[in-house]
Amino acid sequence: SDSLKEMQRNWIGRSEGAIVEFRVGEKKITVFTTRPDTLYGATYMVVSPENKILDEIVEDSWPFWTGAELKGTALFGKEPSTPKEALALYRAYAASKSDLERTTENKIKTGVCVGVNAVNPVNGEVIPIFVADYVLNTYGTGAIMAVPAHDERDWEFAVEFNLARRAVVMPTDDWFKKVISNDWFPKALNQIGIESKLENEAAMLEAARKLYSINCAAFPIPFVGEGQSINSPSDNRRSSGHSINSLTTAE
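One gets my numbering by counting positions in the sequence shown from 1 and adding 41 to each.
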């Protein structure tokens, strides 16, 4: 509605960040992000159930790669025959929840794939699109680029649906010291060929940084702070939430 669009414009106007367009065939999904520096870490997109763009992009049939978990089979108690059916069922499910229920921390993440992909504008990577109730239509544009390595809710969703997590910001040494544990760290190092019997703290931190760069999913939580950019063309820059070249900024 016009009132909703006005509210979204006002919300964006109060925040500093960038407006980014992801191509979906002949269509585009526009997102507003306060962390454009993490675009290279976007591995999927999420659109709110109420967003009308879903009606324009949802596929008529499931792609071959869509497993039962992505179709919402467990959530609905049956396997939807098409993405359109899954979207309709999920919209009904989300409509029964309040905004508070949908965005509560530690809530088990739910969602379904809509059977179509978007193209990340900075690297051309094809990423899947989901509808999920943790994104509200009144927040920004009602769609997000999901960067699970650096956002708690995106991380939880990625874990739930076994989606890729790519680190693009290197954590601080203090963060590493807090999250590293003997319960998992030595085994994770061995899996990438690093000797787990480290002599001192400096060696431990060096190994942690290498592991994080290669496989951030080995760590128990995402890093949501600022740090040096990694795994992107801006590797030598410090990530600080500012926009990057070729994106439209909003202040």
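Just so it is clear, CB atoms sit at the ideal spot from N, CA and C, and this is done for glycine as well.
Within 10 angstroms of the beta-carbon of residue 258 lie 16 or more other beta-carbons, which makes it buried. DSSP places residue 169 in the strand class (E or B) of the three-state scheme. Along the region 118-162, the beta strand (DSSP E) occurs as fully enclosed runs of 3 or more residues at 153-160, listed in sequence order.
Of all alpha-carbon atoms in 103, 67 and 224, the one lying nearest the alpha-carbon of residue 160 is that of 67. C-alpha of residue 183 to C-alpha of residue 89: approximately 5 angstroms in a straight line.
Of 117, 185 and 144, the smallest CA-CA separation from residue 132 is found for 117. In this structure, DSSP gives residue 64 an extended state, which the three-state scheme calls strand.
Two segments are said to touch when three or more pairs of C-beta atoms, one from each, lie closer than 8 angstroms; by this definition the region 85-103 touches the region 165-178.
A direct Cα-to-Cα measurement between residue 126 and residue 192 gives close to 30 angstroms.
Residue 111 and residue 204 have their C-alpha atoms some 10 angstroms from each other. For residue 151, the closest C-alpha among the options 123, 114, 122 and 164 is that of 114.
Residue 61 is classed as buried because its beta carbon has at least 16 other beta carbons within 10 Å across all chains shown. Secondary structure note for residue 98: it is in no beta strand (DSSP E), and the uninterrupted alpha helix (DSSP H) holding it is 94-98.
Our two residues, residue 228 and residue 251, have alpha carbons roughly 14 angstroms apart in a direct line.
Only residues of its own chain outside the window of five on either side were considered, and among them 177 have a CB closer than 7 angstroms to the CB of residue 140, listed in chain order. Taking every protein chain shown into account, the CB of residue 197 has 16 or more other CB atoms within 10 angstroms, so this residue is buried. In this structure, residue 210 and residue 268 form a Cβ contact; the two beta carbons are roughly 5 angstroms apart against a cut-off of 8 angstroms. Nearest in C-alpha terms to residue 128, of all of 142, 231 and 103, is 103. Within its own chain, the residues whose Cβ lies closer than 7 angstroms to the Cβ of residue 97, once the five positions on either side in sequence are excluded, are 68, listed in chain order.
When the Cα atoms are used, residue 63 and residue 240 turn out to be separated by approximately 46 angstroms. The alpha carbon of residue 57 has as its nearest neighbour, out of 163, 146 and 181, the alpha carbon of 181. Contact check for residue 80 and residue 186: beta-carbon distance about 7 angstroms, within the 8 angstroms limit, so the pair qualifies. Collapsing the DSSP output to three states places residue 254 in a helix. For the pair residue 206 and residue 199, the CB atoms are nearer than the 7 angstroms cut-off.
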